[in-house]
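Peer 1: Mapped onto our numbering, the consecutive letters of the sequence shown carry residue numbers 11 to 978.
For each residue, glycine too, the CB sits at the ideal point set by N, CA and C.
I'd like to ask some things about the structure below.
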Amino acid sequence: MRLRVSNILLVSSLYDLYLFEEDGRLYELIRNEYQGLNLSHSPELTRVSSGYDAINRAKDEGRFDLIITTMHIEDMTALNFAKLAKQSGLEIPIVLLGHDNRELKSLMVNPDSELFDKVFIWTGDFRIIIGIIKYLEDKMNVEHDSRIVGVQNIIVIEDNIRYYSAFLPIIYTEMLKQSQRLISEGINLSHKFLRMRARPKILLCTNYEEAWQHFIKYKELVLGVISDIEFPRNGELDDSAGINFAKAVNKSISDIPILLTSNNSEKKAEAKDAGFQFVLKDSATLIFELQKFMNNHFGFGDFIFRIPGGEEVGRAKDLLSMEEQLKVVPNESIKFHAVRNHFSNWFKARTEFWLAHKLRPRKVSDYPTDEDLRKDLVESINHYRMVRQRGIIADFHKDTFDADSSFARIGGGSLGGKARGLGFVNTLINDYQLRDQFEDVLIYVPPAVILGTDVFDDFLDMNKLREFALKCDDDEEITERFLEASKFPEEILGELAAFLDIIKTPLAVRSSSLLEDSQYHPFAGVYQTYMIPNNNANPLIKLNDLLTTIKRVYASTFYQNAKNYIKITSYRSEEEKMAVIIQKVIGKTHKNRFYPDFSGVAKSYNFYPLPPQKPNDGIVSAALGLGKWVVEGGNSVRFCPRYSKDIIQFYSVKESLNSSQREFFALQLDEKTDFGNITYDKLVKTHPLNTAEEDGSLNYVGSTYVPENDAIYDGLGRKGPRVVTFGPVLRNKIFPLANVLDLLLEMGTWGMGTPVEIEFAVNLTTPPGTKKEFGLLQMRPLVVSHETEELQVDNIGQEKLICKSTQVLGNGVIDEIYDAVVVDYNLFNRAKSRDVAAEVASFNKKLLNEGKPYLLVGVGRWGSLDPWLGIPVTWEQIAGARAIIETSFKDMAVEPSQGSHFFQNITSFMIGYFTINTVQQNGFVDWEWLLKQKPIESKTFTKHINFENPLIVKMNGHENKGIILKPA
């Protein structure tokens with residue numbers, strides 16, 4: 011479910027509110043009901059009594075997802091309110107909540123009543139509010155969730171407002187209780203979370219045509235039907251519409267459970283004669299009968315094994331007990347249920363979609379004997395349970411660890427944020443059978459073990475390092491002390507040695523701290539990741555290399571940049587703990603090098619979309635070789651998965667040549683590195699493109715520039731300079747990269763309930779007879795601010811502005827900046843960009859210590875890996891900036907690198923980010939004014955300016971526009 015109702019505006023008289031609230035308890039009742047059903051994000055209720063006030067608040071605040079109005083508003087009728095709201099441009103659903111059919115009767119014959127998205131009646135049950143919320147959420151999400159995940163649907167047909175207002179809360183409550191039962195069976199927290207999101211949707215219909223349209227659209231995903239018998243068909247009331255609809259459904263798919271309802275008892279015989287279940291609307295046991303039908307026929311309860319006479323011979327409450335019961339119940343019972351598709355229906359209701367779809371097409375007549383049927387059912391369930399286990403982070407055991415797909419833990423404590431994200435995406439891939447969604451492509455999380463945070467604590471305590479590391483501010487001294495530490499938990503050493511016996515390929519040793527990859531402070535790039543060849547013939551040396559690398563990751567927890575990062579969050583360094591991921595590296599050996607054919611970062615939200623792209627279409631940054639090139643801000647190919655042939659950065663041949671990747675990262679397999687105090691730079695090296703061409707990997711992503719024609723052609727068949735364009739992949743479709751990423755981003759966003767970022771690596775060069783590999787290396791929530799106001803930034807004279815841009819990240823007003831660190835546009839020298847970064851870092855440290863936020867102004871790309879494309883600062887070197895301006899060089903424009911860790915931290919801390927692109931002419935900087943200001947300190951290329959009055963930063967996040975005003 012992607013779209014949620016989080017904020018509700020209630021428009022009602024004070025008396026109506028009194029009736030709803032039951033002595034002031036409405037919100038409390040709703041909140042308690044949400045908590046009782048384990049529903050996250052209980053919605054907020056805001057009440058107003060005036061229609062005009064409601065419209066103004068809805069427009070000004072921009073936070074409401076739903077308006078519920080009663081018939082009694084103090085300054086206008088409910089119908090006039092709906093008209094004015096729609097005319098004002100509000101696109102929020104408006105629901106009318108009346109008190110009885112009589113007061114609605116005259117309104118409903120008015121054609122304008124269609125202005126209401128739905129009309130309900132207050133029956134005295136506060137759960138009607140939950141029913142309204144879930145009805146709208148289902149309506150908004152059904153198409154996406156059915157298409158992407160295969161979520162099931164229940165068609166409810168009822169035209170009488172009073173009856174569906176009574177039915178809906180009952181159906182939703184029962185269905186959510188079913189989800190609760192299933193959650194208790196979830197194999198881990200991720201699996202439980204996904205089950206809750208995959209509950210069936212309710213499709214409420216009021217006429218025959220609407221219901222039939224839904225049935226045709228979601229035919230294979232219909233779990234059941236609950237229908238009135240008398241409702242409109244072809245615009246006229248039809249007293250047998252429900253029976254005819256049921257017969258039509260039954261003719262199309264014979265085993266869909268159908269319950270018919272009516273307040274006319276004479277209809278019971280007609281329904282029974284047609285072979286359908288029936289319940290009288292006015293029955294004293296209506297709720298009980300409805301619950302009973304849903305449990306027995308929608309698969310919401312236990313699976314009750316019966317023989318043809320109806321006698322119960324067994325009962326299963328979950329997959330394991332179903333497997334065990336199938337081994338012992340009589341053949342005639344299995345055959346009885348199989349003929350009626352009861353097994354697949356039960357699996358669908360329990361969100362086990364893969365198993366249901368696997369069994370559904372099979373017919374009893376396909377099996378030579380009843381025992382063959384039994385055997386296939388048992389084996390299918392057993393296989394499915396084993397596949398599902400792949401998504402679990404189980405304890406490491408040498409005998410059961412699969413070198414191709416396992417994910418296991420060593421030691422107790424937390425797995426850390428990064429490992430939790432990996433565990434979640436592993437569950438997502440396995441639960442929804444994404445591994446084999448594309449022909450000849452294997453989608454998977456590379457096998458790994460995770461050292462829990464208890465190992466980190468034990469290591470610090472055994473070697474008495476904790477107090478020293480918290481107080482020391484010298485990174486080299488911290489590294490030296492950690493590497494000298496000789497004590498390590500014995501049982502952990504044994505399990506690491508066993509792991510190295512299984513995995514013979516290069517390894518990535520990655521940080522996974524408690525705070526890493528949190529939704530609001532992702533700590534992207536703050537801690538260290540190292541790669542090791544893992545190829546020494548001596549197992550003791552291999553183990554020692556791994557331990558040394560783990561110690562270096564532990565040491566990075568206490569480095570100065572990590573401590574500085576934590577300073578600007580609400581956390582303390584002593585709260586942080588470090589888990590470690592030890593993971594197989596995706597790649598292929600080329601002589602003495604190891605690297606994937608390409609890798610990258612994909613986001614489901616694009617902060618800077620250009621038409622026809624929309625923010626939710628996503629953005630990808632991909633590069634040849636190891637992903638270090640992308641996350642550190644190197645030149646990469648940026649494309650939208652849904653418009654993958656339209657790569658905007660290649661708008662001209664000149665720009666294609668300027669922005670092309672010229673080098674790539676690879677792991678050196680023959681480098682003998684002293685794992686002492688030096689860094690691992692010797693292990694991961696850059697190589698020129700001609701090396702990739704010799705290795706054969708450039709074939710997949712390379713193009714050729716032909717100077718005679720001043721043109722770039724996909725492939726390497728011509729002579730000329732090589733350019734990385736990803737043309738062979740994106741245009742010639744040698745690998746479905748865009749389609750794979752589009753699916754994974756959608757699934758990730760659906761599963762996490764928020765936009766996501768993923769890191770990936772791809773191997774196209776695989777052994778004959780094996781699939782191409784798409785490895786998911788990381789999934790984290792992406793910080794996307796939800797703008798609540800639209801600031802006007804256009805009506806201010808240019809002479810009052812330092813800067814104006816239509817490519818701005820951020821929203822709101824910043825009015826606390828009295829300082830600016832400015833890179834002199836006239837003095838900047840690209841050959842000296844590292845010196846510029848050091849000067850900026852010096853000013854940043856000073857201002858950070860003084861607690862002074864500042865405006866940072868520079869040229870080229872901030873955080874660039876390539877010093878010729880910008881200023882290669884790291885995040886901690888500019889962490890005190892509250893707003894940043896990034897302008898073009900005098901001779902070249904450079905796009906922001908959305909795939910980098912640097913950019914991820916910018917967005918998570920909601921720093922105002924202004925990009926000025928001279929080619930696109932999207933804004934300006936008043937350099938003349940800036941450089942005239944008297945600095946309080948100057949360096950070779952940079953200066954620190956202090957103002958008596960604050961700079962004012964205004965950003966309109968809805969339109970990505972912003973201005974920075976000069977001090978008053």
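Cα separation between Val734 and Pro882?
Peer 2: 22 Å
Peer 1: Evaluate the contact criterion for the segment 805 to 817 versus the segment 775 to 785: three or more CB pairs, one atom per stretch, below 8 Å.
Peer 2: no
Peer 1: Expressed to the nearest angstrom, what Euclidean distance is found between the alpha-carbon atoms of Arg491 and Leu475?
Peer 2: Between Arg491 and Leu475, the C-alpha separation is close to 8 Å.
Peer 1: Would you call the CB atoms of Asp607 and Tyr710 closer than 9 Å?
Peer 2: yes
Peer 1: Is it true that the CB of Leu787 sits closer than 9 Å to the CB of Ser614?
Peer 2: no
Peer 1: Going by beta-carbon coordinates alone, are Asp75 and Val21 separated by less than 9 Å?
Peer 2: Going by C-beta atoms, Asp75 is not nearer than 9 Å to Val21.
Peer 1: For the alpha helix (DSSP H) that contains Phe91, what are its first and last residues?
Peer 2: Ala88 to Gln97
Peer 1: Is the beta carbon of Glu704 closer than 9 Å to that of Arg732?
Peer 2: no
Peer 1: I need the straight-line Cα distance from Val235 to Asn163, nearest angstrom please.
Peer 2: 9 Å
Peer 1: On the DSSP bridge list, what partners appear for Leu76?
Peer 2: Ile18
Peer 1: Give the straight-line distance between the Cα atoms of Glu938 and Thr925, rounded to the nearest whole angstrom.
Peer 2: 18 Å
Peer 1: By DSSP's criteria, Ala221 is part of a beta bridge. Which residues make up the other side?
Peer 2: Paired residue(s): none; Ala221 is not in a bridge.
Peer 1: To which residues does DSSP link Phe288 through a beta bridge?
Peer 2: Leu270
Peer 1: Tell me which residue opens and which closes the beta strand (DSSP E) that Ala632 is part of.
Peer 2: Ile629 to Leu634
Peer 1: Is it the case that the segment 330 to 346 contacts the segment 117 to 131, given that we only count it when at least three CB pairs across the two stretches are under 8 Å?
Peer 2: no
Peer 1: Going by beta-carbon coordinates alone, are Arg172 and Ile143 separated by less than 9 Å?
Peer 2: Not in contact: Arg172 and Ile143 (Cβ atoms no closer than 9 Å).
Peer 1: Tell me which residues share the same chain as Lys229 and place their Cβ nearer than 8 Å to its Cβ, disregarding the 5 neighbours each side in the sequence.
Peer 2: Contacts found: Ser262 and Ile263.
Peer 1: Where do the N-terminal and C-terminal ends of the beta strand (DSSP E) with His697 fall, by residue?
Peer 2: Val694 to Pro698
Peer 1: Once you ignore the five residues that flank Lys345 on each side, which residues in its own chain have a CB closer than 8 Å to its CB?
Peer 2: Val374, Asp380 and Leu383
Peer 1: Straight-line CA distance for Glu494 to Leu525?
Peer 2: 27 Å
Peer 1: Within the continuous beta strand (DSSP E) that includes Asn966, where are the two ends?
Peer 2: DSSP places Asn966 in the uninterrupted beta strand (DSSP E) bounded by Thr952 to Asn966.
Peer 1: Buried or exposed for Met11, please, with buried defined as at least 16 other CB atoms from any protein chain shown within 10 angstroms of its CB.
Peer 2: Bear in mind that a pLDDT of 45 at Met11, under 50, signals an unreliable position, so the number given afterwards is only what the model happens to contain. With 16 or more Cβ atoms within 10 Å of its Cβ, Met11 is classed as buried.
Peer 1: Going by DSSP in three states, His393 sits in which element: helix, strand or coil?
Peer 2: Of the three classes helix, strand and coil, the one that applies to His393 here is helix, per DSSP.
Peer 1: If you follow the beta strand (DSSP E) that Ile946 is part of, which residue opens it and which one closes it?
Peer 2: Run containing Ile946: none; DSSP gives neither H nor E here.
Peer 1: So Arg892 and Ile824 are in contact, right, with Cβ under 8 Å, and what is the actual spacing, rounded?
Peer 2: 6 Å
Peer 1: Does the beta-carbon of Lys144, which I'm using as the reference point, lie nearer than 8 Å to any heavy atom of the ligand FMN?
Peer 2: Annotation note on the ligand FMN: not contained in the displayed structure, which lists no ligands.
Peer 1: At 4 residues or longer, what runs of the alpha helix (DSSP H) sit wholly inside the segment 382 to 464?
Peer 2: 426 to 441
Peer 1: Short check: CB of Phe838 to CB of Val867, under 9 Å?
Peer 2: In this structure, the beta-carbon distance from Phe838 to Val867 does not fall below 9 Å.
Peer 1: Taking just the CA atoms, how far does Asn645 sit from Ala848?
Peer 2: 22 Å
Peer 1: Helix, strand or coil: how does DSSP classify Val105 here?
Peer 2: strand
Peer 1: Closer than 6 Å by C-beta to Asn111: which residues in its own chain qualify, once you throw out the five before and the five after it? Chain order, please.
Peer 2: Arg172
Peer 1: What's the gap between the Cα of Glu477 and the Cα of Phe568?
Peer 2: 11 Å
Peer 1: Over what stretch of residues does the beta strand (DSSP E) that includes Lys327 continue unbroken?
Peer 2: Per DSSP, Lys327 belongs to no beta strand (DSSP E) and is neither H nor E.
Peer 1: Within the chosen definition, does the segment 478 to 490 reach the segment 456 to 465 through at least 3 CB pairs nearer than 8 Å?
Peer 2: no
Peer 1: The beta strand (DSSP E) with Ile921 in it runs from where to where?
Peer 2: That residue, Ile921, is in no beta strand (DSSP E); it is neither H nor E in DSSP.
Peer 1: Taking only the alpha-carbon atoms, compute the straight-line gap between Ala92 and Ser272 and give it to the nearest angstrom.
Peer 2: One C-alpha to the other measures close to 32 Å.
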